[in-house]
Each structure stands twice: as structure tokens, then as C-alpha cells.
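Asks: Got a structure for you, written out below as C-alpha cells; questions coming shortly.
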Amino acid sequence: MLPPTTTEDTSAARTSRGRWGDPRGRRRHTRGGTSMLLLAFALGACSEDGSPAGNASGDASVDAPDSADSTPNGTGEYPLQLSEAGLYADILTGQFAQGIRSYAPQFELWSDGARKRRWVYLPPGEQIDTEDFPGPGGDMSGADYWHYPVGTRLYKEFSQQGRAIETRMLSKLGPYQWTMIAYQWDPDGQDATAVPGGLSDASGTDHDIPSQSQCRDCHTAMVDTILGFTAIQLAHEGDGVTLQTLMAEQRLTTNPVSVPVVPGDAVQRAAVGYLHANCGHCHNETSGTRVDLRLWLKHDQLSRIEDTPTYLTTVGTLTEAATEIATYRIAPQNTELSAIYARMNVRDPSQMPPLGTEQIDELGLATIRAWIDSLPPATPDGGTTFTDSAADSGPQLDAAIDR
Ligand code: HEC
Ligand code: HEC
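Residue numbers for the sequence shown follow my numbering, beginning at 711 and rising by one.
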């Protein structure tokens, strides 16, 4: 169970705008320090026929608790009900609003087995800026960090046993400014209601709805918030909006020179793809995890598996974190000495990913194990041999096994 980390009060969101004035219900985010003007949740501006797609600017919308000191990637206004959040034309019949299109990333994020569906709305005539950007974290090459037009919205629905539990929305209000909100489906399945403070064990399941501050923990790790609607994730032949679709529709300011292909055999592709989707948003050169571990694939570093940031910063690389439970990030043919494997194989304060999951992803673990087992035995650190035998492995490796 992940307790919501904010003091945001769900019931307050249902009542009235004024409640947010209560300092008790306020969680201040001063990251970045600059105060930005709160932009209204202007769905009307995004609707293709020009008519407001809901009651967004009326009574049914509230100021988010953080709005007073809204920072880039902060949280703006949102409608209280999903029926008014621009996804559905008619939520009762399940008819989607104009311009809503489904898509799927080629590598999935593990969410304790929940089934997911995703949709995107791109404002008509606008392009995704795919030029290289010098961003907050420095070095950005390879057009792997997209910047989305204001008015972009993405939705992700989680269901268990065929029943929708929650639908999340990310809605771009201004440069680097996104509304992040989750809606819990009502018991009768007719609408869903905003839960800014998150909810543990939602709707009698073991599924936790993250709070807005938890949305930020994961989503602000990426330059422009979006994590799975990206060049590499959309480079597939499946249904819905793909990289090919976006290129054909001239939705990108610059098309990639070629469609990125994750290198390697099936085992290698599955492993680095898994790490990209599940870990890369925190572990890349722009994020502040303190460890120089890069699991975000870059499309100009895909010629061979050995050229991927993933391979370069893991295989045969010693761990950096003080609390580390294994000596190497990946020790070829040795999962016990491989921190990546060890951290995925626990659910405790050292677990990876650190949030969003309470159950070990056995399939994901098997994917990583298969890759580790397939790596040639190497001696990357000037002669250290990775072996299963503590006796052969020298004092440092002994210590790692003893821990
Ligand atoms: C544990 C990390 C984590 C948390 C917490 C989290 N997300 Fe995400 N989210 C992701 C990842 C990774 C993806 C991309 C992969 C996918 O679509 O499954 C994603 C995808 C999405 C998408 C589809 C667009 C995109 O960025 O690819 C939406 C919409 C979304 N999240 C909304 C939210 C909202 C709203 C919250 C808070 C209520 C939230 N998320 C909390 C990790 C997280
Ligand atoms: C929400 C952000 C986040 C996500 C997602 C995440 N990590 Fe981490 N990771 C961190 C932070 C912060 C640290 C540094 C603190 C620590 O060691 O716990 C870290 C540290 C690590 C380390 C230690 C590296 C070293 O050199 O000591 C490993 C290994 C690791 N993560 C693996 C993973 C794997 C594998 C995944 C995906 C299955 C993942 N992480 C997903 C935030 C994240």
C-alpha cells in the first residue's frame, strides 16, 4: 500500500473552489522558485469545432492545491468529472470526443498487472517539436525528448478484472506546464471523479491511485512530462497512433532520419526496452537521481546493443549508491551480483522502481535474467571475473554475496 504523500483532501475537491484556500489542504511546491501565472484549463480552446468541450471553466472545475505557486510542470485546474475532461463526447455510451485517438507504447510500464488503455489528443494543426533541446539537465541529443504543443492531452485508463478503476490525464496548459490528475471510476461506472490526493486500494482492489505529487515524482523526471508517447515507444507497427502516423501527418517539426529500431536479438531488445519503459524516465542524463545510470534509449545510440546508454552504464559497471545491495549494476551471468536485478526483485525501501508498484514483476525479472544470463562473461574492471563462486571472486565480490 502506498500512502498518498500529500495532505490534499479528496473530499475538498468535490465541494467547492473555496476550500483550496484552506492552508491545511495546501502542499507547496517551490521547485524552480519562479511563480508562473496559472492558466485556466482551457478545453474550449482545444476543441475542434470551437465549442467548449465541457463545463471546464465553470463551476465544475477547481483550482488545484498547488496552483498558487505553480511552477513549470506544476498542476493547474482540472474538471472534477472525467466526463468533462475532454476524453469522451458521451461517457455513458463510451463515445470518444473528436480528435481522441488511441495509441500504445511498444514497451510497457509494469503496474502490478493492471490492464491499460491510452489515448492522445493533439491540437489540430500543431506540431510536436522534435528538435534537439538544451534542457534543464544539459546534454540532449538525438531528438529523444519531445516538446508537445500547448493543448496536448493524454489519458491512461487502468482496469482490473475487466472493470475500469481509474483514468489519468496529463493536459498541457502552457510551456512546461501540465495538469496532472487521476479520476476514480464511480461504482456505477457512469463517470469518474478527480482524486488529487490519490487513494490506496481503490474500489476494493489492491490498485493504488497516485496523488498529484506522485504524478510529479515520475513525470517531471522527463523534460516535457510525457514518458511513453515518444519516438522509441511509438516506433512499432501496431494499432493506433505510431511514429509512422505522426510522420505521415507531418505532426513532427523534424522527422527522425530513420525509424528507431532497438538493436539486438529478442532477449536483448526485450531487456533494454523494459528498462527504457520502467526505469529510463528517472535514469537518464536529465534527471536528478544522483547515480549516473542511463536506461533511457537514445535513437542515435542504437546501432548495436553495446552502444546503448543502457549497456554502457550497466554491464560490468560498479554500483555508486551508498546503500547498494549488489556490487555491479549488471554482472554478466550473475544475477546475485547485479543490482538491477536485485532491486527489481524486492519490494522494500530499496526497490526499483521506487514507486508505483507493490508486486514484483516476475515476467520483467525473467526478461532481465535472460539478458544477464546471455551476456558473455567479461572482465571489464581490469581482470575481475564474474563467477557464481564466492571463493573465486575475491574479497569485494565476497562482501557483495554476504550482504
Ligand atoms: C511510478 C511512476 C509513475 C507515476 C507515479 C505516474 N506515472 Fe504516468 N506514466 C508513467 C510511465 C513510465 C508512463 C509511460 C508508459 C506507459 O504509458 O505505460 C506513464 C504514462 C502516463 C500517461 C500517458 C502519457 C505518457 O506520459 O506517456 C498519462 C496520461 C499518465 N501517465 C498520467 C499520470 C498521472 C495523472 C499520474 C498521477 C495521478 C501519473 N501518471 C503517475 C509513470 C508514472
Ligand atoms: C521514480 C524514479 C526512479 C525510477 C522509476 C527508477 N529508479 Fe532506480 N533509482 C532512483 C534513485 C533516486 C536512485 C538513487 C537512490 C537509491 O540508490 O535508491 C536509484 C538508484 C538505482 C540503482 C543504484 C545504482 C547504483 O549505481 O548504485 C539501480 C541499480 C537502479 N536504481 C535500478 C533501477 C531499475 C532497474 C529501475 C526500473 C525497473 C529503476 N531503477 C527505476 C530512482 C528511480
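We treat Cβ as the ideally placed atom computed from N, Cα and C, and that holds for glycine.
As the structure is a computational prediction, the values presented were derived from the model and not from experiment.
Go ahead and pull the three-state DSSP assignment for D934.
Replies: Of the three classes helix, strand and coil, the one that applies to D934 here is coil, per DSSP.
Asks: Classify R811: buried if its beta carbon has 16 or more other beta carbons within 10 angstroms, exposed otherwise.
Replies: That one is exposed.
Asks: Name the two residues that bound the continuous beta strand (DSSP E) containing R863.
Replies: It spans 863 to 870 - the beta strand (DSSP E) in which R863 sits, taken as one unbroken run.
Asks: Whole alpha helix (DSSP H) runs in the segment 976 to 1009 with 4 or more residues, listed along the chain?
Replies: List check, alpha helix (DSSP H) in window: 976 to 989.
Asks: Across the segment 894 to 903 and the segment 792 to 802, are there enough close Cβ pairs to call them in contact, namely three or more that are closer than 8 Å?
Replies: As far as the Cβ criterion goes, the segment 894 to 903 touches the segment 792 to 802, which means the pair count is three or higher.
Asks: Taking 6 Å as the cut-off, is the beta-carbon of L1085 closer than that to any non-hydrogen atom of ligand 2?
Replies: No; taking the cut-off as 6 Å, the Cβ of L1085 has no heavy atom of ligand 2 nearer than that.
Asks: If contacts are defined as beta-carbon pairs under 8 Å, then L944 and T952 qualify, I think. What distance do you get, rounded to the angstrom?
Replies: Going by Cβ atoms, the distance from L944 to T952 rounds to 5 Å, so yes, they are a contact pair.
Asks: Tell me whether D901 sits in a helix, a strand or coil according to DSSP, three-state version.
Replies: Correct three-state label for D901: coil.
Asks: Roughly how many angstroms separate the alpha carbons of I891 and S1060, rounded to a whole number?
Replies: Straight-line Cα distance between these residues: approximately 27 Å.
Asks: So, under 8 Å CB-CB, E1030 and V1056 are touching, yes? Tell me the CB distance rounded to an integer number of Å.
Replies: The Cβ separation is near 18 Å, so there is no contact.
Asks: Under 7 Å between the Cβ atoms of H991 and M932?
Replies: Taking 7 Å as the Cβ cut-off, H991 and M932 qualify as a contacting pair.
Asks: Can you confirm whether the segment 863 to 876 touches the segment 823 to 831 when touching is taken to mean that 3 or more C-beta pairs between the two stretches lie within less than 8 Å?
Replies: Because the criterion of three Cβ pairs below 8 Å is met, the segment 823 to 831 and the segment 863 to 876 touch.
Asks: For S1048, which three-state DSSP category applies?
Replies: Strand at S1048.
Asks: I believe S1048 touches I1082 by the beta-carbon criterion, under 8 Å. Please report the beta-carbon distance rounded to the nearest angstrom.
Replies: Right, the Cβ-Cβ distance comes to about 6 Å (below 8 Å), so this counts as a contact.
Asks: Going by the C-beta, is P789 closer than 6 Å to any heavy atom of ligand 1?
Replies: Not so, every heavy atom of ligand 1 lies at least 6 Å from the Cβ.
Asks: With burial defined as no fewer than 16 other Cβ atoms inside 10 Å of the residue's Cβ, what is the status of G908: buried or exposed?
Replies: With 16 or more other Cβ atoms within 10 Å, it is buried.
Asks: When you compare the CB positions of W856 and I838, do they come within less than 7 Å of one another, or not?
Replies: Contact flag set, yes.
Asks: Rounding to the nearest angstrom, what Cα-Cα distance links Q887 and Q922 in this structure?
Replies: Taking the straight line from one Cα to the other gives about 14 Å.
Asks: CB-CB under 6 Å to S821, same chain, minus the five flanking residues each way: which ones, in chain order?
Replies: For S821, where only same-chain residues beyond five positions count, there are no Cβ hits under 6 Å.
Asks: Could you tell me how far apart the beta carbons of L864 and F939 are, in whole angstroms, since I believe they sit closer than 8 Å?
Replies: Yes, L864 and F939 are in contact; Cβ-Cβ is about 6 Å, under 8 Å.
Asks: Between the alpha carbons of V969 and G914, how many angstroms are there, rounded?
Replies: Answer to the nearest angstrom: the Cα atoms are 43 Å apart.
Asks: Return the residue from the list P1087, P966, P815, Y788 that minimises the CA-CA distance to T840.
Replies: Of the candidates P1087, P966, P815, Y788, the one whose C-alpha sits nearest the C-alpha of T840 is P966.
Asks: I need the straight-line Cα distance from I942 to L1085, nearest angstrom please.
Replies: When rounded, the distance between both Cα atoms is 24 Å.
Asks: Hey, would you say the C-beta of H991 is under 6 Å away from at least one heavy atom of ligand 1?
Replies: Answer for H991: yes, Cβ within range of ligand 1.
Asks: Among Y858, Y788, C925, which residue has its Cα nearest to the Cα of G884?
Replies: The shortest Cα separation from G884 among Y858, Y788, C925 belongs to Y858.
Asks: Return the CA-CA distance between I801 and G950, expressed in angstroms with no decimal places.
Replies: One C-alpha to the other measures close to 21 Å.
Asks: For the alpha helix (DSSP H) that T955 lies in, which residues bound it at each end?
Replies: Where T955 is concerned, the enclosing alpha helix (DSSP H) stretches over 953 to 958.
Asks: Is any heavy atom of ligand 1 found at a distance shorter than 6 Å from the C-beta of I936?
Replies: Yes - ligand 1 has a heavy atom lying nearer than 6 Å to the Cβ of I936.
Asks: Would the beta-carbon of L1065 be found less than 6 Å away from any heavy atom of ligand 1?
Replies: Yes; taking the cut-off as 6 Å, the Cβ of L1065 has a heavy atom of ligand 1 nearer than that.
Asks: Between the beta-carbon of A912 and the beta-carbon of Q894, is there less than 7 Å?
Replies: Yes, the Cβ-Cβ distance between A912 and Q894 is below 7 Å.
Asks: Between which two residues does the alpha helix (DSSP H) containing L1022 stretch?
Replies: Start and end: 1019 to 1022.
Asks: Once DSSP output is grouped into helix, strand and coil, what is the label at S1168?
Replies: The requested residue 1168 is not part of the displayed model; the chain covers only 711 to 1113.
Asks: Pick helix, strand or coil for A946, following the three-state DSSP scheme.
Replies: Checking the sequence shown, residue 946 turns out to be His, not Ala. The answer is coil: DSSP assigns H946 none of H, G, I, E or B.
Asks: Under 7 Å between the Cβ atoms of H929 and F817?
Replies: The answer is no: Cβ separation not under 7 Å.
Asks: Classify V971: buried if its beta carbon has 16 or more other beta carbons within 10 angstroms, exposed otherwise.
Replies: Exposed is the call here.
Asks: Which of helix, strand or coil does DSSP assign to R873?
Replies: Note: R873 maps to strand in three-state DSSP.
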